[in-house]
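One structure is given below, encoded as structure tokens.
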Amino acid sequence: MDVLAEAKKEMARQLSSLLNVRENIILGNIEYPPREVGDLSLPLPSVTRNFNLEVNYSGKLIRSMKRDGIFINAELNEGELFTQLFSNFTDDFGLVKVDQPRRIVVEHTSANPIHPLHIGHLRNVVIGDSLSRLLKSRGHQVNVRFYVNDGGRQVALLIYGLHKLGYPEPPPNIKKDLWLGTIYAMTNIILEIRNLSKELESTEEGYKEKIEKRDELVAIAEELREKDEKIFDLLAEEIRKDEDPEAEISKLIKSYEGGDEKVKAIVRKYVNYALEGFMESLSKLHVSFDNFDYESDLLWSGKVKDILYSAFESRAKINYKGTWALDLDDFLDDEAREQVGIPKDLEIPPLVLTRSDGTSLYTVRDIAYTLYKFSSFKADKVINVIAEQQLVPQMQLRATLYILGFPEIAKNLVHYSYGMVSLQGMKMSGRRGQYVSLDEIYEKVSSVVKTKVKEKGGVLENIDEIVNAAIRYALLSVSANKPVSFNISRVTNFEENSGPYLQYTYARAYNILAKLEGKPKLENANLSDIVEDKRKILISIAKFPEVFSSSADNLQPEAIIVYLRKLADLFNSWYDRERVLQEKDDGNRTTRIFLVKGVETVIRNGLDVLGIVSLTKM
RNA sequence: GGACCCGUAGCUCAGCCAGGAUAGAGCGCUGGCCUUCGGAGCCAGUGGUCCCGGGUUCGAAUCCCGGCGGGUCCGCCA
């Protein structure tokens, strides 16, 4: 039950008759004043021209109201608030369910199965998982999916490299995705250098830049070679023997798309090795998926072909650079753009339908996948957690869906975009093997946590949960659309602004309650003890239902982080000043126990929707 | 060149979408607090042209327009 909402209603009801303004208009303008002038506030100019009035009201949840300049400030009756809040207090306090649950697909992470997950993926993982948890807690039906990108050129390139090596098995002492990543990067860089050298032979144009670029690539190649000289040299040798590697890769894509049984078995085997590695990394962060969708299944099922057929029938079809494409720009009017979230002035590039060799392209496969996500879960809404770099392709996707006759799907497809992650200035490239893997990050944070726990004489059993909290907090506390600079020393700083700080605060609250003998009775509480810190804590607890609901409805997990940190600050300040269990007065002790229970519950529920485990010992 | 994102304290960021009172945290720096429920804590101090210039408004960090700086994208890659 949202008692604070009741208080606001009471305030609005009174002012409604006084100002002759509709109640819900007032309700929508009530805010929390920044300073200690009251608990709730209505700026008069937002609802009326009549500023010069006097208010005199004393009611149930609202103790008093008075005008202060252009504001009407109200003071809450903390005793009534306390009684109402705790007379109906449950373990799931604040996790308010929506009236009309919806069916929502969240697709996230979906990393290419060709190299280990790195820090860029980590942001995707953490955002996607928190959104899923938030929406579930809000009462929606949520389906979490991982798109396995096994249909493109990148996997084909990896398989090409593995083919040159005679399809080796990964050595037992190395993580499979890491091993694949090295082979992929080696293959890619050898081919890049080869292609560049060819260009240098045939053209004078941009000679100097190309030489410089080649030198850069050679330097990267040398670094890669150090990882495993035998494999690198063998790969380079075998690729050199190859007359036309690009044709080989193209052939691979064709036979895989065509469903060649031998190729299928090989590709699936290695792709699944990569996925095994992913899941091993992700399980440490408590991330799981309901479905893994292989691109190739869409191809083999004919769903991609169906899309192509209808695209070929479309009046937007054009001939583009020697192949077929859809002209998205001229077939979307301003209204359509508005509906599917494409800026009016943006020139949206045509959607190329197939490669000249007949093989399929990512965005086209993604159209089939989008339709599949909607239909297989009967989804009202699909949220794709994808980096901002893919803004334009995601727009092309929505535009195409609109043009091909799926306007509703285009409208309900949400691109949840997030900014770049950089690691202390270093730029990452999976294709070149330049990245810091998620496992490395995890290990680094973990070793710092171990050292700290030992220093403090804490328990070792929850180290993994502290690492998870530190990582999630660091990535979630920055709004998704902002770029993030991931800095290990900041992530491993567990002072006030951190996940472990919240866990620590939780443990404090929990352990007070754990030592409790007997059950406190609400009617024994001394309401006049609710002053200063305690009053602030009470009001803060009462805000949780509102914070949670709006965080979930606006897809803003960071709002919960900010709120929990403020609550933890309030609690810790008070904790240092006053006792709970040692308090002599029974009435005061009872009041305080209820407040601690409130804090404990709110932090537990808040952390839970963020995927952070509340610890009772650390 | 065009489009999109970002610009708030020395550093990292909340607040901006739904305008409201004297702009908030953490780190850093200075100085204090361990006989009491867990010091990963608490208290005090330090620190701001909210990138700049216009406009709208009773009121702008927040909305609009124009700049500046940084990033991203503009592929028959994903």
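In terms of UniProt numbering, the numbers along the first sequence are unbroken and rise by one, the last being 618.
C-beta atoms are modelled at their ideal positions from N, C-alpha and C, and glycine is treated no differently.
Complete beta strand (DSSP E) runs within the region 77-148 (minimum length 3 residues, chain order) = 103-107 and 141-148
Q. In whole angstroms, what is the alpha-carbon distance linking Leu134 and Arg225?
A. In the first sequence, counting from the first residue as 1, residue 134 sits at position 134. In the first sequence, counting from the first residue as 1, residue 225 sits at position 225. The alpha-carbon atoms of Leu134 and Arg225 are separated by roughly 44 Å.
Cutting at 7 Å between CB atoms, please list the residues of its own chain near Glu199, excluding the five before and the five after it. Numbered from 1 along the first sequence, position 199 holds the residue referred to as residue 199. Only Lys210 meet the Cβ criterion.
Q) Hey, Ile612 and Ala469: beta-carbon distance below 8 Å or not? A) On the first sequence, residue 612 is found 612 positions in, with the first residue counted as 1. On the first sequence, residue 469 is found 469 positions in, with the first residue counted as 1. Yes; because the gap between Cβ atoms is below 8 Å, this pair is in contact.
Taking all protein chains shown into account, decide if Gln100 is buried (16 or more other Cβ within 10 angstroms of its Cβ) or exposed. Sequence index remark: in the first sequence, residue 100 carries index 100 (1-based). Answer is exposed; the Cβ neighbour count stays below 16.
| Hey, out of Ile603, Lys536, Ala247 and Pro172, whose CA is closest to Ser356's CA? | As a first step, residue 356 must be located in the first sequence, where it is residue number 356. Comparing Cα-Cα distances from Ser356 to each of Ile603, Lys536, Ala247 and Pro172, the minimum goes to Ala247.
Out of Ala74, Leu53, Phe51 and Val47, which has the shortest C-alpha to C-alpha gap to Gly59? Locating residue 59 in the first sequence gives position 59, where the first residue counts as 1. If we check each option's Cα against that of Gly59, Ala74 comes out closest.
Quiz item: Considering only C-alpha positions, which residue in the set Ile539, Ile537, Arg604 and Asp529 is nearest to Lys584?
Solution: Numbered from its first residue, the first sequence carries residue 584 at position 584. Taking only the C-alpha atoms, the option nearest Lys584 is Asp529.
Practice item. Could you pull out every residue in the same chain whose Cβ sits closer than 8 Å to the Cβ of Val37, ignoring the five residues on either side in sequence? Key: As a first step, residue 37 must be located in the first sequence, where it is residue number 37. Closer than 8 Å at Cβ, skipping near neighbours: Asp68, Phe71 and Asn73.
For the alpha helix (DSSP H) containing Thr601, name the first residue and the last one.
Counting from one through the first sequence, the residue named residue 601 turns up at place 601. Where Thr601 is concerned, the enclosing alpha helix (DSSP H) stretches over Asp586 to Val609.
| From the DSSP output, which residues share a beta bridge with Tyr418? | Your numbering for residue 418 matches position 418 in the first sequence. Paired residues: Ala387.
Taking C-beta to C-beta, are Ile561 and Leu476 nearer than 8 Å?
Counting from one through the first sequence, the residue named residue 561 turns up at place 561. Counting from one through the first sequence, the residue named residue 476 turns up at place 476. Closer than 8 Å, so yes.
Assuming Ile119 and Leu438 are in contact, meaning their beta carbons sit under 8 Å apart, how far apart are those beta carbons, in whole angstroms?
As a first step, residue 119 is located in the first sequence; it is residue number 119 there, counting from the start. As a first step, residue 438 is located in the first sequence; it is residue number 438 there, counting from the start. Going by Cβ atoms, the distance from Ile119 to Leu438 rounds to 7 Å, so yes, they are a contact pair.
query = Which stretch, first to last residue, makes up the beta strand (DSSP E) that contains Ala325?
reply = Looking up residue 325 in the first sequence gives position 325. Segment Thr323 to Leu326, the beta strand (DSSP E) holding Ala325.
Applying the 10 Å Cβ sphere with the 16-neighbour rule, what's the burial state of Pro45? Working through the first sequence from its first residue, we reach residue 45 at position 45. By the neighbour-count rule (16 or more Cβ atoms within 10 Å), Pro45 is not buried but exposed.
Discussion item. Report the start-end ranges of each alpha helix (DSSP H) in the region 253-310 that is 4 residues or longer and not cut off at the edges.
Written reply: 261-283 and 295-300
Starting from the Cα of His140, find the closest Cα among Ala509, Val382 and Val453 and give me that residue.
The residue you call residue 140 lines up with position 140 of the first sequence. The residue with the shortest Cα to Cα distance from His140 is Val382.
Is the region 361-372 close to the region 274-292, with three or more CB pairs under 8 Å?
no
field: Assigned exposure category for Arg22 - 16 Cβ within 10 Å defines buried
entry: Counting from 1 along the first sequence, the entry for residue 22 is found at position 22. Arg22 should be labelled exposed.
Practice item. Measuring alpha carbon to alpha carbon, tell me which of Leu61, Glu10, Phe51 and Asn50 ends up nearest Ile539. Key: Translated into the one-based positions of the first sequence, residue 539 becomes position 539. It is Leu61 whose Cα lies nearest to the Cα of Ile539.
Please work out which residues of its chain come closer than 7 Å, Cβ to Cβ, to Glu465, disregarding the five sequence neighbours upstream and downstream, and give them in chain order. As a first step, residue 465 is located in the first sequence; it is residue number 465 there, counting from the start. Hits under 7 Å: Val613 and Leu615.
- Query: Nearest-angstrom Cα distance between Thr203 and Lys373?
  - Reply: The sequence position of residue 203 within the first sequence is 203, counting from 1. The sequence position of residue 373 within the first sequence is 373, counting from 1. Between Thr203 and Lys373, the C-alpha separation is close to 47 Å.
Checklist entry - How long is the line joining the alpha carbons of Arg589 and Pro483, rounded to whole angstroms? => result Taking the first residue of the first sequence as 1, we reach residue 589 at position 589. Taking the first residue of the first sequence as 1, we reach residue 483 at position 483. Each residue's Cα considered, the two are about 47 Å apart.
* Under 8 Å, do Ala568 and Ile603 count as touching if we go by C-beta distance? -> Working through the first sequence from its first residue, we reach residue 568 at position 568. Working through the first sequence from its first residue, we reach residue 603 at position 603. Cβ distance < 8 Å, so Ala568 and Ile603 count as in contact.
message: Just to confirm the assignment, what range does the alpha helix (DSSP H) spanning Pro500 have?
response: On the first sequence, position 500 is the one that residue 500 refers to. Here the alpha helix (DSSP H) through Pro500 covers Gly499 to Ala514.
Q. Is Thr182 helix, strand or coil by DSSP?
A. Along the first sequence, read from residue 1 onward, the residue named residue 182 stands at position 182. Of the three classes helix, strand and coil, the one that applies to Thr182 here is helix, per DSSP.
Original post:
Are the beta-carbon atoms of Ile30 and Ser16 separated by less than 8 Å?
Top reply: Your numbering for residue 30 matches position 30 in the first sequence. Your numbering for residue 16 matches position 16 in the first sequence. Going by C-beta atoms, Ile30 is not nearer than 8 Å to Ser16.
What are the boundary residues of the beta strand (DSSP E) that includes Ser447?
Taking the first residue of the first sequence as position 1, residue 447 is located at position 447. Segment Leu438 to Lys456 is the alpha helix (DSSP H) holding Ser447; no beta strand (DSSP E) there.
Count the other CB atoms, across all protein chains shown, that sit within 10 Å of the CB of Ala219; report buried if there are 16 or more and exposed otherwise. Here residue 219 is taken as the residue at index 219 of the first sequence, counted from 1. With fewer than 16 other Cβ atoms within 10 Å, it is exposed.
> What is the DSSP secondary structure of Lys176, reduced to helix, strand or coil?
Replying inline: Position 176 of the first sequence, counting from 1, holds the residue named residue 176. Correct three-state label for Lys176: helix.
Name the one or two DSSP bridge partners that Leu40 has. Looking up residue 40 in the first sequence gives position 40. Its beta-bridge partners are Ala74.
Going straight from the alpha carbon of Arg315 to that of Val421, what length do you get? To locate residue 315, count along the first sequence from 1; it is residue 315. To locate residue 421, count along the first sequence from 1; it is residue 421. When rounded, the distance between both Cα atoms is 41 Å.
field: One or two residues paired with Gln434 in a DSSP bridge
entry: Numbered from its first residue, the first sequence carries residue 434 at position 434. Bridge partners of Gln434: Ser429.
> Is the Cβ-Cβ distance between Ser485 and Val467 less than 8 Å?
Replying inline: By one-based count along the first sequence, residue 485 stands at place 485. By one-based count along the first sequence, residue 467 stands at place 467. No; because the gap between Cβ atoms is not below 8 Å, this pair is not in contact.
Length of the line joining the Cα atoms of Ser550 and Glu532: Translated into positions along the first sequence, residue 550 becomes position 550. Translated into positions along the first sequence, residue 532 becomes position 532. Straight-line Cα distance between these residues: approximately 27 Å.
Notebook entry, point to check: Taking the C-alpha atoms as reference points, what is the distance between Tyr442 and Val304?
Noted result: The count along the first sequence starts at 1 and reaches residue 442 at position 442. The count along the first sequence starts at 1 and reaches residue 304 at position 304. Each residue's Cα considered, the two are about 38 Å apart.
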